[in-house]
Amino acid sequence: MKVTANERLHQNYCLLKLTVEQPLPEMFPGQFVEVRVDNSPSTFLRRPISINYVDKQANELWLLIQLVGEGTRKLAEARVGDIINVMLPLGNGFTIPSSEERGKKLLLIGGGVGTAPMLYLGAWLKTAGFEPTFLLGARSQNDLLQLEQFRTYGEVFVTTEDGSMGEKAYVTNHSLLKNTHFDHIYTCGPKPMMMAVARYASAEDIDCEVSLENTMACGLGACLCCVEKLKDEHHVCVCTEGPVFNIKKLSWQI
Amino acid sequence: MADLRVNIGSLQLKNPVTTASGTFGYGIEYADLFDISRLGGIFVKGTTIQPREGNPYPRMAETPSGMLNAVGLQNKGAQYFADHIYPQIKDIDTNMIVNVSGSSVETYVECAEKIAELERIPAIELNISCPNVKQGGMAFGVTCQGAAEVVRAVRKVYPKTLIVKLSPNVTDVTEIARAVEAEGVDAVSLINTMLGMAIDAERRKPVLSTITGGLSGPCVKPVALRMVWQTYKAVRIPIIGLGGISSWKDAVEFMLAGATAIQIGTYNFVDPTVSIKVIDGLNDYCERHGFKSVSELTGALL
């Protein structure tokens with residue numbers, strides 16, 4: 002895929018926009034791609050990256066990349082016109098409620114780079130006639146990305162650990178959760194955050210889907226490295242059975 | 002166009018390029034990406050007589066030019082394979098070879114017997130070299146006596162092509178190769194993964210749930226190449242070479258060192274279509290160097 006833009010949104014995040022000549026295949030919120038990192042000697046495997054947004058008119062795929070190690074740092078150096086090898090789309094997306102369920106209150110909780118798939122999910126839900134609510138958590142104001150775009154799809158609530166924006170708290174302590182009842186929660190972020198969200202949803206009997214980020218090699222269900230143990234004690238591949246799971250299926254101790 | 006056909010015992014491969022067990026699922030996972038019937042063979046995921054859940058997560062650690070895995074032979078068992086997977090793969094027009102593992106001589110034999118019943122499986126690869134299971138696996142593959150014992154028992158019940166996958170975690174791989182050759186196996190494949198370890202310095206903990214795991218990828222290639230070359234000089238049976246192959250050039254090197262065929266493993270995760278490029282590259286190499294048949298490359302090191 003050809004790089005059409007590489008925007009450094011923050012010291013530790015870049016937004017890569019990629020295109021191809023033929024129309025992009027249908028991609029669902031929560032699905033991911035595997036990006037090959039060339040010219041980075043210590044990076045061997047592809048990097049699984051969630052789909053941040055698909056701009057159908059521009060035929061563009063957006064990837065929000067957090068600079069974690071050498072692989073993602075190399076990707077962040079991409080220039081407009083560079084060609085990047087991407088396998089897509091992979092995995093299963095979030096459950097989209099049917100049109101009869103339009104009145105349902107949907108909460109999308111994202112933490113850190115886990116906000117990335119929530120943008121595309123929010124856009125999708127808005128188009129489908131829902132009014133999604135976003136609850137986004139970060140260390141500080143600077144780490145909250147793409148807020149303007151989030152606001153075009155629904156109401157946005159924020160927590161920061163240092164209190165520089167929104168409520169000074171973790172997402173699960175936000176007053177929104179005390180004042181409003183939601184029917185369905187979607188979440189992606191650091192595992193402790195997702196577990197806290199799952200605990201809250203479970204206690205309140207709210208349907209909840211999480212997007213897991215287990216370390217992964219092939220992305221196709223062949224290597225069996227990214228497994229998650231389900232309630233039935235079986236190991237399943239996050240890449241092909243997930244990455245989105247309903248918390249009722251997981252063996253998490255919550 | 003060079004003649005790319007090669008023979009492993011009585012088994013003919015349309016070309017020497019196959020995919021390694023544990024890196025290519027049952028082949029069908031890759032069927033959307035290219036025509037998998039172009040391969041010389043597909044070594045499917047390690048199968049045991051009883052279902053196995055494998056080791057706990059985390060099972061993988063990336064390394065420079067490779068990775069460590071500790072999957073631990075997760076599979077749904079030979080009966081499930083026969084009932085549910087075999088029907089999906091039996092008509093793929095290439096050699097579908099089952100990698101067979103066990104925790105005792107008896108379980109190896111039972112699994113081999115079960116797979117022998119499947120008409121369209123022309124060969125098994127006996128895995129006596131998995132470093133990620135507590136019982137069996139590599140324990141059989143690191144002594145001549147252990148290797149000979151399990152191979153002898155399986156040979157009695159398995160009349161089709163029997164390939165034995167050797168471990169590199171030994172002092173002298175040629176001794177093990179000779180021991181299994183003496184028991185009448187048709188070929189050996191080498192190398193399985195090398196025992197390794199990864200540590201998370203910040204957390205002061207091992208990365209893998211099992212602490213140690215199997216290293217694979219381009220980082221192991223020189224070791225694998227050396228072992229294929231040593232084994233070629235020690236045995237008469239065909240050798241299937243693997244260990245870090247990521248290009249046609251690597252494949253040529255393994256064949257020059259003595260391999261009759263090769264397996265592509267970990268690199269499937271980086272480029273799922275690499276094996277097709279290797280087939281085409283082997284043909285180009287043969288044409289460029291005037292080899293009418295790719296089999297002329299085997300052991301043709303000057």
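In the order they appear, the protein sequences are chains A and B.
Count the first sequence with this note's numbering and you get residues 2 to 255, in order.
Count the second sequence with this note's numbering and you get residues 2 to 303, in order.
Backbone N, C-alpha and C define an ideal beta-carbon position, used for all residues, glycine too.
Note that this is a predicted model, so its numbers are computed, not measured.
Strictly below 7 Å CB to CB, what residues from chain D border residue i?
i                : result
Ser-43 (chain A) : Any reference to chain D falls outside this structure, whose protein chains are A and B.
Hey, is residue i's beta-carbon within less than 7 Å of any beta-carbon in chain B?
i                 : result
Val-228 (chain A) : yes
Leu-251 (chain A) : no
His-236 (chain A) : yes
Measure from the C-beta of residue i to each C-beta in chain A and report whether the shortest distance is under 7 Å.
i                 : result
Glu-203 (chain B) : no
Gly-26 (chain B)  : yes
Gln-75 (chain B)  : yes
Pro-88 (chain B)  : no
Glu-30 (chain B)  : yes
Pro-223 (chain B) : no
Met-195 (chain B) : no
Tyr-58 (chain B)  : yes
Met-2 (chain B)   : no
Gly-218 (chain B) : yes
Met-139 (chain B) : no
Glu-54 (chain B)  : yes
Val-72 (chain B)  : yes
Met-198 (chain B) : no
Met-61 (chain B)  : yes
Just to confirm, are residue i and residue j a CB contact at a threshold of 7 Å?
i                 : j                 : result
Leu-257 (chain B) : Leu-302 (chain B) : yes
Arg-121 (chain B) : Lys-166 (chain B) : no
Phe-33 (chain A)  : Gly-70 (chain A)  : no
Gly-138 (chain A) : Gly-112 (chain A) : yes
Cys-209 (chain A) : Ala-197 (chain A) : no
Leu-191 (chain B) : Met-228 (chain B) : yes
Leu-25 (chain A)  : Asn-60 (chain A)  : yes
Ala-71 (chain B)  : Gly-214 (chain B) : yes
Ala-154 (chain B) : Val-189 (chain B) : no
Leu-12 (chain B)  : Pro-123 (chain B) : yes
Arg-37 (chain A)  : Asn-7 (chain A)   : no
Val-152 (chain B) : Glu-126 (chain B) : no
Ser-168 (chain B) : Ser-210 (chain B) : no
Gly-55 (chain B)  : Gly-73 (chain B)  : yes
Ile-263 (chain B) : Ala-252 (chain B) : yes
Val-245 (chain A) : His-236 (chain A) : no
Gly-259 (chain B) : Lys-222 (chain B) : no
Asn-284 (chain B) : Ala-3 (chain B)   : yes
Asn-1 (chain B)   : Arg-53 (chain B)  : The displayed coordinates of chain B run from 2 to 303. Any statement about residue 1 (chain B) would go beyond what the structure contains.
Leu-120 (chain A) : Asn-53 (chain A)  : yes
Gly-10 (chain B)  : Thr-95 (chain B)  : no
Taking C-alpha atoms, which residue in the options lies nearest to residue i?
i                 : options                                       : result
Val-114 (chain A) : A:Leu-68, A:Thr-216, A:Met-196 and A:Asn-215  : A:Leu-68
Ile-268 (chain A) : A:Met-217, A:Asp-184, A:Pro-193 and A:Gly-222 : Residue 268 (chain A) is absent from the structure shown; chain A starts at 2 and stops at 255.
Leu-251 (chain A) : A:Cys-219, A:Leu-213 and A:Lys-57             : A:Leu-213
Gly-78 (chain B)  : B:Ser-104, B:Arg-121 and B:Glu-63             : B:Ser-104
Leu-34 (chain B)  : A:Phe-151, A:Pro-90, A:Trp-63 and A:Arg-74    : A:Pro-90
Ala-21 (chain B)  : B:Cys-287, B:Gln-13, B:Asn-128 and B:Lys-157  : B:Asn-128
Lys-169 (chain A) : A:Ser-141, A:Ile-50, A:Lys-179 and A:Val-21   : A:Ser-141
Gly-190 (chain A) : A:Ala-79, A:Ala-117 and A:Leu-178             : A:Ala-117
Glu-35 (chain A)  : A:Asn-143, A:Cys-15 and A:Ile-66              : A:Ile-66
Met-217 (chain A) : A:Pro-30, A:Val-4 and A:Ser-51                : A:Ser-51
Tyr-232 (chain B) : B:Lys-250, B:Thr-261 and B:Lys-206            : Checking the displayed sequence, the identity of residue 232 (chain B) turns out to be Thr instead of Tyr. Nearest C-alpha to Thr-232 (chain B): B:Thr-261.
Leu-177 (chain A) : A:Lys-192, A:Phe-158, A:Glu-162 and A:Tyr-171 : A:Phe-158
Pro-132 (chain B) : B:Ile-43, B:Tyr-81 and B:Met-198              : B:Met-198
Asn-170 (chain B) : B:Val-186, B:Cys-145 and B:Leu-163            : B:Cys-145
Exercise for the section: Mind checking the stretch 192-224 of chain A against chain B and listing, in chain order, the residues whose C-beta falls within less than 9 Å of any C-beta there? Expected result: Asn-215, Thr-216, Met-217, Ala-218, Cys-219, Gly-220, Leu-221, Gly-222, Ala-223 and Cys-224
Do three or more CB pairs link the stretch 219-236 of chain A to the stretch 257-276 of chain B at distances below 8 Å?
yes
Exercise. Can you find at least 3 beta carbon pairs, one from the stretch 102-121 of chain A and one from the stretch 129-144 of chain A, that sit closer than 8 Å?
Worked result: yes
Contact between the stretch 134-154 of chain B and the stretch 95-112 of chain B: three or more CB pairs below 8 Å? The stretch 134-154 of chain B makes contact with the stretch 95-112 of chain B; the number of CB pairs closer than 8 Å reaches 3 or more.
Interface residues of the stretch 28-56 of chain A facing chain B [CB-CB below 8 Å]:
Here the close residues are Arg-37, Pro-42, Ser-43, Thr-44, Phe-45, Leu-46 and Arg-47.
Residues of the stretch 268-291 of chain B whose Cβ lies closer than 8 Å to any Cβ of chain A, in chain order:
Within the stretch 268-291 of chain B, the qualifying residues are Asn-269, Phe-270, Val-271, Asp-272 and Pro-273.
Does the contact criterion of 3 or more C-beta pairs under 8 Å hold for the stretch 206-218 of chain B versus the stretch 52-67 of chain B? yes
Q.
Would the stretch 34-46 of chain B count as touching the stretch 167-187 of chain B if we require 3 or more Cβ pairs under 8 Å?
A. no
Do three or more CB pairs link the stretch 95-105 of chain A to the stretch 145-159 of chain A at distances below 8 Å? Output reads no: the stretch 145-159 of chain A does not touch the stretch 95-105 of chain A.
Checklist entry - Going along the chain, which residues of the stretch 87-110 of chain B sit with their C-beta nearer than 8 Å to a C-beta in chain A? => result none
- Task: Select from the stretch 7-27 of chain B all residues with a C-beta closer than 8 Å to any C-beta belonging to chain A, and list them in chain order.
- Result: Gly-23, Thr-24, Phe-25 and Gly-26
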